[in-house]
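There are 2 protein chains.
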Amino acid sequence: MAIAQNYMGPLATNTMTRINENDNVLGTIIVNCEGFPETTTLDSLTAATYCTHMRNLSHHANNALKEIDVTGELIIIRFVAKKTEAFVIPDHEFHLIVVMRKT
Amino acid sequence: MAIAQNYMGPLATNTMTRINENDNVLGTIIVNCEGFPETTTLDSLTAATYCTHMRNLSHHANNALKEIDVTGELIIIRFVAKKTEAFVIPDHEFHLIVVMRKT
């Protein structure tokens, strides 16, 4: 899988390559702070749909957790569906989304 | 922990008791289809906050997954924060929310 490396340093590139080498990983998306996919190994339509929804969901979840505990901070969200799993790892500048085949 | 058993059959009551016996479980909430806590082992304010947010989040996530794959169906969402983890198990009539201490 070819990964666009426009904005990533070698460490990030290595990590992304390592994640994508896992046979169960269907694709990864790095979402920038404006909500657009920065680099992805999925097709652009799927990536755009994931970006829009997952970013909103992670913001909503983070706000909800902060309402329950002010010192709380969201680390990861895992969505398990019948056939796939999606992981969202929020960060200040970028969000990482990993889509996996369910094992 | 005392659990209100208004609407639950013995099987559900046993399951809830088993979950609550786990030392890392801080509390459980059963949310009805109107979004109100049916039974909970948390205080009512925390339970209400979890109910409102987690139910919205699980609806949003389910719709997002259906937009990506029409046959997709959400089974569980796991929110991992610094100190706690929350699990939301959506169902047609009830949602189960489990809040755990992070191990």
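Here the protein sequences come in this chain order: A and B.
With UniProt numbering, letter number 39 in the first sequence gets 39, and the count goes up by one each step, no holes.
With UniProt numbering, letter number 57 in the second sequence gets 57, and the count goes up by one each step, no holes.
Glycine residues also receive a C-beta, built at the ideal position from the N, C-alpha and C atoms.
Nothing here was measured: the structure is a model prediction, and the numbers come from that model.
From A:Glu21 to A:His59, what does the alpha carbon distance come to, in whole angstroms?
29 angstroms
Where does B:Glu73 sit, in a helix, a strand or coil, going by DSSP?
coil
Go ahead and pull the three-state DSSP assignment for B:Thr41.
coil
Run the CB neighbour count on A:Phe36, radius 10 Å, all protein chains shown included, and call it buried at 16 or more, exposed below.
exposed
Could one say the Cβ of A:Val25 lies closer than 8 angstroms to chain B's Cβ atoms, at least one of them?
No, its Cβ sits nowhere closer than 8 angstroms to a Cβ of chain B.
For B:Cys33, which residues of its own chain have a beta-carbon under 6 angstroms away from its beta-carbon, when the five flanking residues on both sides are left out?
Glu93
Given a cut-off of 8 angstroms on the beta-carbon distance, is the pair A:Thr39 and A:Gly27 in contact?
no
Go through its chain and collect everything with a Cβ distance to B:Ile29's Cβ below 7 angstroms, but skip five positions before and after it.
The answer, listed in chain order, is Pro37, Thr40, Leu42, Ala47, Tyr50, Cys51, Ile97.
Below 8 angstroms on the Cβ atoms is my contact criterion, and I expect A:Ile77 with B:Lys82 to pass it. Report the Cβ-Cβ distance as a whole number of Å.
Contact doesn't hold; Cβ gap of about 14 angstroms is too wide.
Which term fits B:Leu11, buried or exposed, when burial requires 16 or more other beta carbons within 10 angstroms of its beta carbon?
exposed
Would B:Leu57 be called buried (16 or more neighbouring beta carbons within 10 Å of its own) or exposed?
buried
Pop quiz: B:Thr90 and B:Asn63 are said to be a contact at Cβ under 8 angstroms. What is the actual Cβ separation, rounded to whole angstroms?
Note on identity: in this sequence residue 90 of chain B is Pro, with Thr being the wrong assignment. Contact flag wrong, Cβ pair sits at about 12 angstroms.
Would you mind working out which of B:Lys102, B:Arg18, B:Ile68, B:Met54 sits nearest B:Val80, comparing C-alpha positions?
The alpha carbon of B:Val80 has as its nearest neighbour, out of B:Lys102, B:Arg18, B:Ile68, B:Met54, the alpha carbon of B:Lys102.
In chain order, what residues of the region 27 to 59 of chain B put their CB closer than 9 angstroms to some CB of chain A?
Thr46, Thr49, Tyr50, Thr52, His53, Met54, Asn56, Leu57
List the residues that DSSP assigns as beta-bridge partners of A:Pro90.
The partner list for A:Pro90 (beta bridge, DSSP) reads A:His95.
From what residue to what residue does the alpha helix (DSSP H) around A:Thr13 run?
10 to 21
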